[in-house]
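S.K.: Got a structure for you, questions after.
Protein chains in written order, with my numbering: chain A, 105 to 364; chain B, 2 to 284.
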């Protein structure tokens, strides 16, 4: 392979993939979470069960799906169920270990906005909306969030709370009647943040190689708490990069091909 | 069986002001039927769909809708629905009111509709801003456990339209692959219109395309179906497993087509308004 240096997005995707333990049942959002989950499946977690909200359980797609309902997801899957069954029996029923989500904005308690930027009635940016995220974060045993970090995405106050993470911190999430544990970590292009066990506020726990704590502070819209022992996350291996790039190359070729 | 031309089915079953659900979760989206609704100039529709994508971008952009009930509005993997956004943000070509849910709530609301129940309960929405902007998200207390749960009203469309792979000669319909919320949306509706890739003699015929017999598929028996229309390729750019592939290049191209009002109108004129659709006139 070409030893092209890893991009920030590749570093984020590989680090996110490593959070998927072998054998877990993972409800996968589209985009970077899907790329990371499929990378995990092809490297250290061959027995991870990828679940997509279109009703696919145990997906093993040959290329990354453009949408959550691509035909690629069905081939080789363990089962395909209806969407009401997916959300009722599998998600609300408590059969998902990890919810793997992206978002447009996040706050210090890992609450997420995917609805609007600006005012709801007169938004500056209208985003797609809730989709499966609110109940994924409510019901999965833990939620892992993957998103790029900047002052525009890591904000002091969300314009709209679409999905509850740790609510207003402390034990406030417990009062909402959710069965899942909430966000356990946030993987970004700069590092990893984990909630404080008591206050539930996100704390910088690690940075990617070459990233400084000061850089992460600058990319955060609130006064960021930093662990006393910030570790440097291991860089992507040659194998991880090769598998990811191969997957993305083949995906691009398939999705841009006109139908014959 | 009630095999009718698509033109006649839309004329008979879809009226101005109706609540209409065109369902299909990425797979089996009834685009041919959507185009016929546009050609017939329906107005003031309340459109219901978990994932309004290109099909509702077209209906909204052509001024067919007054209200949209949805849970995720986007062009999957590509970006925004520019026509839906233009309608919501600038009222072009007509103002569009929105009622916004989560997937779990929409799926539960269709299930309640199909079950003849007035509402659905779910463990969600608590702590989010959605209930503040949607009066149809309320709260109930479980009479057995005292838990506080979210409640949404049942969805009962005047007409649901779906695309399926096959109908048989007795008028039964079956679909397979990603079956989404179609069974619930179909059974929740007052009228059900189905476009199909193919009419087959029997589902258990030895040379049948797709799974043989009635295993592992959704079957909608003939007495639940009000009209069947033959529309081969009628899901494009979505797909019908066993018959076609998703045209991902088209979804990507739609971003450019739909971004500009004139480009959009030109595309709709050429590909929808001036093309009657082979399926539209023939049973």
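The beta-carbon is built from N, C-alpha and C at its ideal position, and this holds for glycine as well. These numbers were taken from a predicted model, which means no experiment stands behind them.
Could you pull the DSSP bridge partners for residue 197 of chain A from this structure?
M.R.: Answer is none; residue 197 of chain A lacks a bridge partner.
S.K.: Strictly below 8 Å CB to CB, what residues from chain A border residue 242 of chain B?
M.R.: 175 and 178, listed in chain order.
S.K.: Looking only at its own chain, which residues have a Cβ that is under 7 Å from the Cβ of residue 225 of chain B, when we skip the five neighbours before and after it?
M.R.: Around residue 225 of chain B: 187, 188 and 193.
S.K.: In the stretch 184 to 217 of chain B, which residues sit with their C-beta less than 8 Å from some C-beta in chain A, listed in chain order?
M.R.: Those would be 184 and 185, in chain order.
S.K.: So that I know if they touch, is there some Cβ in chain B lying closer than 8 Å to that of residue 305 of chain A?
M.R.: By this cut-off, residue 305 of chain A is not an interface position.
S.K.: Determine, for residue 259 of chain B, whether the minimum Cβ-Cβ distance to residues of chain A falls below 8 Å.
M.R.: Not an interface residue.
S.K.: Of the residues B:54, B:125 and B:45, which one's Cα is nearest the Cα of residue 30 of chain B?
M.R.: Checking every option, the nearest Cα to that of residue 30 of chain B belongs to B:54.
S.K.: Within 10 angstroms of the Cβ of residue 103 of chain B, are there 16 or more other Cβ atoms? Answer buried if so, exposed if not.
M.R.: Buried is the call here.
S.K.: Between residue 88 of chain B and the rest of its own chain, which residues show a CB-CB distance below 6 Å, the 5 nearest in sequence each way excluded?
M.R.: Around residue 88 of chain B: 61 and 97.
S.K.: With residue 165 of chain B as the anchor, note down where its beta strand (DSSP E) starts and where it stops.
M.R.: Residues 160 to 169.
S.K.: Verify whether the separation of the beta carbon atoms of residue 308 of chain A and residue 272 of chain A is less than 8 Å.
M.R.: It is not a contact, given that the beta carbons lie outside the stated cut-off.
S.K.: Does DSSP put residue 302 of chain A in a helix, in a strand, or in coil?
M.R.: Coil.
S.K.: When you compare each of A:300, A:197 and A:182 to residue 188 of chain A by their alpha carbons, which one comes out closest?
M.R.: Checked all of A:300, A:197 and A:182; the closest Cα to residue 188 of chain A is A:197.
S.K.: So does the stretch 342 to 361 of chain A actually touch the stretch 239 to 252 of chain B, counting three or more Cβ pairs closer than 8 Å?
M.R.: Yes, the stretch 342 to 361 of chain A touches the stretch 239 to 252 of chain B.
S.K.: Please report whether the beta-carbon of residue 312 of chain A lies at a distance below 8 Å from any beta-carbon of chain B.
M.R.: Judged by the 8 Å Cβ criterion, residue 312 of chain A is not in contact with chain B.
S.K.: Considering only C-alpha positions, which residue in the set B:85, B:107 and B:212 is nearest to residue 314 of chain B?
M.R.: Residue 314 of chain B lies beyond the range of chain B shown here (2 to 284); nothing can be said about it.
S.K.: Note down the Cα distance separating residue 261 of chain B from residue 141 of chain B, rounded to an integer number of angstroms.
M.R.: Taking the straight line joining both Cα atoms gives about 45 Å.
S.K.: Buried or exposed: where does residue 191 of chain B fall if 16 or more other Cβ atoms within 10 Å of its Cβ makes it buried?
M.R.: It counts as exposed.
S.K.: Along the stretch 277 to 289 of chain A, what residues have a CB closer than 8 Å to any CB found in chain B?
M.R.: Listed by position along the chain: 277, 280, 281, 282 and 283.
S.K.: Name the residue from A:277, A:260, A:267 and A:281 whose alpha carbon lies nearest to the alpha carbon of residue 147 of chain B.
M.R.: Nearest option by C-alpha distance: A:281.
S.K.: Have a look at residue 248 of chain A and residue 342 of chain A and give me their C-alpha separation to the nearest angstrom.
M.R.: When rounded, the distance between both Cα atoms is 24 Å.
S.K.: Name, please, each residue of chain B whose Cβ falls closer than 9 Å to the Cβ of residue 195 of chain A.
M.R.: In chain order: 105.
S.K.: Among A:217, A:174 and A:336, whose alpha-carbon lies nearest the alpha-carbon of residue 312 of chain A?
M.R.: Nearest option by C-alpha distance: A:336.
S.K.: Assign residue 35 of chain B to one of three DSSP states: helix, strand, or coil.
M.R.: Looking at residue 35 of chain B - three-state DSSP - the assignment turns out to be helix.
S.K.: Taking all protein chains shown into account, do 16 or more other C-beta atoms lie within 10 angstroms of the C-beta of residue 270 of chain B, making it buried, or fewer, making it exposed?
M.R.: That one is exposed.
S.K.: Could you work out which residue in A:232, A:275 and A:252 is closest to residue 213 of chain A when comparing CA atoms only?
M.R.: Measuring from the Cα of residue 213 of chain A, the nearest candidate turns out to be A:275.
S.K.: In chain B, which residues lie less than 8 Å from residue 268 of chain A when you measure between Cβ atoms?
M.R.: Going along chain B in sequence order, the residues near residue 268 of chain A (Cβ under 8 Å) are 127, 128 and 129.
S.K.: Throw me the rounded Cβ distance for the residue 206 of chain A and residue 133 of chain A pair, which I believe falls under 8 Å.
M.R.: Sure, about 6 Å apart at Cβ, within 8 Å.
S.K.: Is the stretch 30 to 41 of chain B close to the stretch 200 to 212 of chain B, with three or more CB pairs under 8 Å?
M.R.: Contact fails: fewer than three Cβ-Cβ distances are below 8 Å.
S.K.: Where does the unbroken alpha helix (DSSP H) through residue 209 of chain B begin, and where does it stop?
M.R.: First-last for residue 209 of chain B: undefined, no H or E at that position.
S.K.: Can you give me the start and stop residues for the alpha helix (DSSP H) that residue 116 of chain A sits inside?
M.R.: 112 to 122 is the extent of the alpha helix (DSSP H) around residue 116 of chain A.
S.K.: Is the beta carbon of residue 21 of chain B less than 8 Å from the beta carbon of residue 186 of chain A?
M.R.: Not closer than 8 Å, so no.
S.K.: Using a Cβ-Cβ cut-off of less than 8 Å, list which residues of the stretch 107 to 126 of chain B approach chain A; keep chain order.
M.R.: Residues 108, 109, 111, 112, 123, 124, 125 and 126.
S.K.: Do the stretch 138 to 154 of chain A and the stretch 108 to 124 of chain A make contact, defined as three or more Cβ pairs closer than 8 Å?
M.R.: With the cut-off at 8 Å, the stretch 138 to 154 of chain A and the stretch 108 to 124 of chain A touch.
S.K.: Between which residues of its own chain and residue 219 of chain B is the CB-CB distance below 6 Å, once the five residues before and five after are set aside?
M.R.: Around residue 219 of chain B: 176, 180 and 184.
S.K.: Tell me, which residues are paired with residue 140 of chain B by DSSP?
M.R.: Answer by DSSP bridge pairing, in chain order: B:151.
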